[in-house]
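Take 487 as the starting number for the sequence shown in the numbering used here and just add one per residue. Backbone N, C-alpha and C define an ideal beta-carbon position, used for all residues, glycine too. Remember, predicted model here, so these are calculated numbers, not experimental data. Written below as structure tokens is the structure these notes are about.
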Amino acid sequence: MVLKKSNSKSILSAKFLANLAMLVTVTLWGMSFVSIKLAVSEIPPVTLALLRFLIASTILFLILKKVEPTAKLQRCDVKKMMLAGFLGITLYFFFENTGVRLTTASSASLITSIIPIIAITMDIIVFKTKVPLIQIIGILVAMCGAYLSITANGQINFSSETFIGNLYVVGAMLSWTGYTLLNKSFKGKYSGLFLTTYQTLFGTLFLLPLSFFEHNQWHVFSLHALGHILYLAICCSALGYFLYIYALSNLDVTITTLYLNLMSIVGVIGGCFILSETVFPAQLLGGIMIIISIVMINFAASKKKMFVLPLEQ
Numbered sequence: 487m488v489l490k491k492s493n494s495k496s497i498l499s500a501k502f503l504a505n506l507a508m509l510v511t512v513t514l515w516g517m518s519f520v521s522i523k524l525a526v527s528e529i530p531p532v533t534l535a536l537l538r539f540l541i542a543s544t545i546l547f548l549i550l551k552k553v554e555p556t557a558k559l560q561r562c563d564v565k566k567m568m569l570a571g572f573l574g575i576t577l578y579f580f581f582e583n584t585g586v587r588l589t590t591a592s593s594a595s596l597i598t599s600i601i602p603i604i605a606i607t608m609d610i611i612v613f614k615t616k617v618p619l620i621q622i623i624g625i626l627v628a629m630c631g632a633y634l635s636i637t638a639n640g641q642i643n644f645s646s647e648t649f650i651g652n653l654y655v656v657g658a659m660l661s662w663t664g665y666t667l668l669n670k671s672f673k674g675k676y677s678g679l680f681l682t683t684y685q686t687l688f689g690t691l692f693l694l695p696l697s698f699f700e701h702n703q704w705h706v707f708s709l710h711a712l713g714h715i716l717y718l719a720i721c722c723s724a725l726g727y728f729l730y731i732y733a734l735s736n737l738d739v740t741i742t743t744l745y746l747n748l749m750s751i752v753g754v755i756g757g758c759f760i761l762s763e764t765v766f767p768a769q770l771l772g773g774i775m776i777i778i779s780i781v782m783i784n785f786a787a788s789k790k791k792m793f794v795l796p797l798e799q
């Protein structure tokens, strides 16, 4: 009897810590948009990504060698792992950092909430996955919400810098979706730490030559910018990842996916209060529509694991 009570307390404690870990994670990742916005005012987008992931990949590699010293990448997976690194790190952060430079942190964070919708839609198209009617309705509602979030005022303006920036962020979401689908082929072969470490390493290598196209924008940046680089590398790419993995091991994937939707709310709050950004009512309505649709889809798929990987902010 005592043993059962002890086990029950242990489970409750693990659940509490896992929920706390998810709250910290979404806060760190949500605030990353504010940090990127401030950093790209001094550092060009690709160079910022390179500096960030040089630090993050070094930390992850050292931890991997400590935790999984015998883990090795199979030769047959090298090309796929390189492509995953290019899509999930190089291309994703080129689009995101460039987009955030042109648009607002609030807009960018709202748009990221469409990732599960894009991933599910691509899963239907590529893998011919059958979905119930409620999921189809959810996808349609999310598309309407995405339109409002991307256009900012509900109207398309191709000359608007904000609109162009929003399109870059959409490009990042499409890139991440491709990365997510590609990672399905690695299921069961490697640990999450192994995948993230090697994909980050390959992504960083691809960022290196691309950064030279920005050499005319290179200059000594402030300690304030350095602080944001360290925050993005250590807190978002390293600490956030570990907290997410811990939470995922103790919580249902549906719950963690719903938690991830709080990222956009944190990003909007950070953008408004720290950067004094303005959020259009149409954008807020769009964000609410997207979140509602994701809740609908998750409840419909509560018996089925979702494959959307963590956004490696």
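Beta-carbon separation (whole angstroms), residue i vs residue j, contact threshold 8 Å
i, j, result
"F680", "A557", "5 Å"
"M775", "V656", "The pair is not a contact, with the Cβ atoms about 16 Å apart (cut-off 8 Å)."
"S661", "L596", "Not confirmed; about 18 Å, so no contact."
"I600", "M659", "6 Å"
"Y665", "M567", "Not confirmed; about 11 Å, so no contact."
"S750", "G624", "That pair is no contact at about 16 Å."
"I760", "V520", "5 Å"
"G571", "G689", "4 Å"
Residue i - DSSP class collapsed to helix/strand/coil
i, result
"V553", "helix"
"I778", "helix"
"T590", "coil"
"M585", "Correcting the residue type first, residue 585 is Gly in the shown sequence and not Met. Correct three-state label for G585: helix."
"W704", "coil"
"N736", "helix"
"F766", "coil"
"E647", "helix"
"G674", "coil"
"V794", "Its pLDDT being 47, under 50, V794 is placed unreliably by the model, and the measurement read from it follows with that caveat. Here V794 sits in coil by DSSP."
"P695", "helix"
Residue nearest to residue i in terms of C-alpha spacing, selected from the options
i, options, result
"L506", "P767, F759, A733, L746", "A733"
"L696", "W515, L536, I715", "L536"
"G651", "I715, P531, K551", "P531"
"C630", "A768, C721, V781", "A768"
"L691", "R538, A504, L509, K616", "R538"
"A724", "G678, L737, L559, N583", "G678"
"Q621", "T576, I603, L634", "I603"
"C722", "L546, I755, S527, F672", "L546"
"L729", "I751, A632, L716, V510", "V510"
"F500", "N747, G689, T663, S735", "Per the sequence shown, the amino acid found at residue 500 is Ala instead of Phe. Checking every option, the nearest Cα to that of A500 belongs to S735."
"T589", "Y654, M608, G571, K565", "Y654"
"T648", "L667, S592, F672", "S592"
"F502", "C758, L737, E763", "L737"
"L667", "T576, I610, I529, L540", "I610"
"I549", "Y727, T663, I777", "Y727"
C-beta neighbour in chain C for residue i, strict 7 Å
i, result
"K675", "Looking for chain C here will not work: only one protein chain is present."
- Query: Contact between the region 511 to 526 and the region 540 to 557: three or more CB pairs below 8 Å?
  - Reply: no
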